[in-house]
DNA sequence: TTCATATCGAGAAACATTTCTCGTTATTAT
DNA sequence: ATAATAACGAGAAATGTTTCTCGATATGAA
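Listed below in structure tokens is the structure:
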């Protein structure tokens with residue numbers, strides 16, 4: 006029997022980064038459809054609503070292992086389950102958060118993460134005044150405890166929401182604590198061993214894309230003279 | 006005389022989206038180099054620090070119109086100026102912010118935007134309790150005033166930081182107010198006239214990419230049996 | 001002064017992603 | 001029961017992005 010024949014065939018499919026980025030968007034969109042009582046949906050339909058090419062939607066969804074029905078589309082509940090399974094949203098990952106400024110608090114308070122299989126289990130700060138206080142149900146701990154605690158709790162994911170100047174130091178503490186993936190919101194290039202994965206989340210990037218697009222439309226016509 | 010010959014030759018160069026996303030990263034990196042007193046830098050050097058291919062760095066920087074010196078590299082001050090010029094960070098864009106929850110407050114309080122040529126000139130909320138209060142020096146206004154005020158102040162850019170359920174409504178108010186570009190932090194697909202540019206900033210996307218990469222490393226090996 | 005070297009710039013090649021095309025299949029209407 | 005249609009799936013083509021290659025040039029050493 007070949008492995009493709011098994012019922013729950015979880016082949017190790019690989020998704021490109023653009024596809025990966027779109028999957029959560031599909032998921033959220035499908036959730037709203039489901040809430041409105043819809044049962045099935047086609048790629049054409051999704052593409053219309055999300056301003057995407059239907060074929061691209063089909064290719065994106067295919068990586069999750071879903072199978073659709075010709076003339077009908079996909080069953081929304083199945084599709085949601087496949088995306089969640091594929092993105093690993095079923096098994097929770099525990100994470101540490103460093104930095105409890107505005108952004109850190111926004112992340113701490115974001116309910117959505119639970120759905121995405123992410124749980125922030127401890128928050129750290131270097132500000133004496135903040136240590137010991139509670140934010141969104143999390144007691145804030147001193148950042149110099151981070152490495153030790155991460156190792157003891159076997160934490161794998163770290164989130165950096167500190168000012169740029171402090172980011173490198175915090176990243177090193179995380180690496181020391183055995184953390185293997187860092188979600189970095191500080192606008193700073195972290196220098197770390199190559200084994201540690203870094204996902205940089207830079208607000209300025211999105212802004213740059215938008216500004217460029219707006220600029221191109223709203224006549225940056227260069228005078229010919 | 007051909008237009009290429011002019012001294013300040015600002016040709017309308019186009020940058021791909023990946024390039025646009027990297028430019029702010031280079032900018033920040035170069036700033037820190039400049040602060041440390043460095044004068045020049047090569048693509049090789051940048052690539053090493055930022056984990057990027059040197060050729061890619063060269064191609065990225067080329068779109069800004071910078072010219073380097075063989076064997077030396079680029080003058081950092083020139084390079085910073087070129088990136089700022091190219092991204093339009095010299096002429097300030099005024100923006101409206103809708104939603105003053107944690108994320109909205111983080112955005113309001115983010116000093117960095119000034120450097121990126123973005124100024125949030127007014128913040129809006131629908132919560133009666135918040136209206137009239139002041140956050141980071143901004144008085145919070147009722148969201149039903151948004152459209153009118155945007156039109157009167159000729160605002161072009163809107164930032165949405167409201168819950169997903171309210172996003173569509175706010176987006177429509179922005180459209181009504183003549184806003185042509187929307188930076189959307191709500192995890193919701195906005196349905197708007199095609200003339201309005203929408204840049205979706207979805208936290209879950211970055212998380213999905215990171216989770217997938219971590220998952221691929223940390224043995225999702227499928228048992229052969 | 002001449003040579004070796006590091007780096008730029010531009011075009012070519014390789015690779016990745018998106019879009020197109022076509023054959024197949026389930027539903028609905030005749 | 002049959003035909004028309006909407007939509008899937010898979011492979012091909014087109015497009016976009018990254019990486020490679022090579023000639024030119026500025027610096028520093030012999």
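Protein chains in written order, with our numbering: chain U, 6 to 230; chain Y, 6 to 230. Cβ atoms here follow ideal geometry from the backbone N, Cα and C, with glycine treated the same way. Just so you know, these numbers come straight off a predicted model, no measurement behind them.
*asked:* Taking 7 angstroms as the threshold (beta carbon to beta carbon), is residue 142 of chain U in contact with chain Y?
replied: Numbered from 1 along the first chain, position 137 holds the residue referred to as residue 142 of chain U. For residue 142 of chain U, the answer is no, since every Cβ of chain Y falls outside 7 angstroms of its Cβ.
*Compute the Euclidean distance between the alpha carbons of residue 60 of chain Y and residue 69 of chain Y, then round it to the nearest angstrom.*
Taking the first residue of the second chain as 1, we reach residue 60 of chain Y at position 55. Taking the first residue of the second chain as 1, we reach residue 69 of chain Y at position 64. Rounded to whole angstroms, residue 60 of chain Y to residue 69 of chain Y spans 15 angstroms at the Cα level.
_Cα-Cα separation, residue 193 of chain Y to residue 187 of chain U_ = Numbered from 1 along the second chain, position 188 holds the residue referred to as residue 193 of chain Y. Numbered from 1 along the first chain, position 182 holds the residue referred to as residue 187 of chain U. Rounded to the nearest angstrom, the two C-alpha atoms are 26 angstroms apart.
*On the three-state DSSP scale, how would you describe residue 96 of chain Y?*
To locate residue 96 of chain Y, count along the second chain from 1; it is residue 91. If DSSP states are grouped into helix, strand and coil, residue 96 of chain Y belongs with coil.
*Tell me, please, whether the region 100–108 of chain U touches the region 160–170 of chain U by the rule of three or more beta-carbon pairs shorter than 8 angstroms.*
Here the region 100–108 of chain U lies against the region 160–170 of chain U, with 3 or more beta-carbon pairs under 8 angstroms apart.
*Nearest to residue 76 of chain Y by alpha carbon, out of Y/48, Y/66, Y/87, Y/58?*
Counting from 1 along the second chain, the entry for residue 76 of chain Y is found at position 71. The residue with the shortest Cα to Cα distance from residue 76 of chain Y is Y/48.
*Which partner residues of residue 124 of chain U appear in the DSSP bridge assignment?*
Residue mapping note: residue 124 of chain U aligns to position 119 of the first chain, counting from 1. In DSSP, residue 124 of chain U forms a bridge with U/99.
*Determine the direct distance from the alpha carbon of residue 141 of chain Y to that of residue 145 of chain U, and round the result to whole angstroms.*
Locating residue 145 of chain U in the first chain gives position 140, counting from the first residue. Locating residue 141 of chain Y in the second chain gives position 136, counting from the first residue. The straight-line gap from Cα to Cα measures roughly 23 angstroms.
*Could I get the ranges of all uninterrupted beta strand (DSSP E) runs contained in the region 175–201 of chain U, with 3 residues as the minimum, in chain order?*
DSSP runs (the beta strand (DSSP E)) wholly in the region 175–201 of chain U: 186–189.
*asked:* Looking at the strands, I want to know which residues DSSP matches up with residue 143 of chain U.
replied: For this step, residue 143 of chain U is matched to residue 138 along the first chain. Residue 143 of chain U is bridged to U/140.
*Could you run through the region 71–87 of chain U and flag, in chain order, every residue whose CB is less than 7 angstroms away from some CB of chain Y?*
none
_Nonlocal neighbours in the same chain, by C-beta distance under 6 angstroms from residue 20 of chain Y, ignoring five residues either side_ = Within the second chain, the letter at position 15 stands for residue 20 of chain Y. Once the five neighbours on either side are set aside, the close Cβ partners of residue 20 of chain Y are 68.
*Can you give me the Cβ contacts of residue 66 of chain U inside the same chain, cut-off strictly under 6 angstroms, excluding the 5 residues immediately before and after it?*
Here the question's residue 66 of chain U lines up with position 61 in the first chain. Counting only Cβ-Cβ distances below 6 angstroms, and skipping sequence neighbours, we find nothing.
_Minimum Cβ-Cβ distance from residue 26 of chain U to chain Y less than 7 angstroms_ = Residue mapping note: residue 26 of chain U aligns to position 21 of the first chain, counting from 1. Contact with chain Y is found for residue 26 of chain U, since one of that chain's Cβ atoms lies less than 7 angstroms from the residue's Cβ.
*Between residue 33 of chain U and residue 89 of chain U, what straight-line distance do the alpha-carbon atoms span, to the nearest angstrom?*
Locating residue 33 of chain U in the first chain gives position 28, counting from the first residue. Locating residue 89 of chain U in the first chain gives position 84, counting from the first residue. Going from the Cα of residue 33 of chain U to the Cα of residue 89 of chain U covers about 11 angstroms.
*What does residue 215 of chain Y touch in chain U if you count any residue whose Cβ is under 7 angstroms from its own?*
In the second chain, counting from the first residue as 1, residue 215 of chain Y sits at position 210. Those within 7 angstroms of residue 215 of chain Y in chain U are 186, 188, 202, 204.
*How close, in whole Å, do the beta carbons of residue 93 of chain Y and residue 210 of chain U come, if the pair is a contact with beta carbons under 8 angstroms?*
Within the second chain, numbered from 1, the residue matching residue 93 of chain Y stands at position 88. Within the first chain, numbered from 1, the residue matching residue 210 of chain U stands at position 205. Actually they are not in contact, since the Cβ atoms of residue 93 of chain Y and residue 210 of chain U sit about 14 angstroms apart, beyond 8 angstroms.
_Nearest candidate by alpha-carbon position, reference residue 99 of chain Y, set Y/115, Y/26, Y/74, Y/127_ = Your numbering for residue 99 of chain Y matches position 94 in the second chain. It is Y/127.
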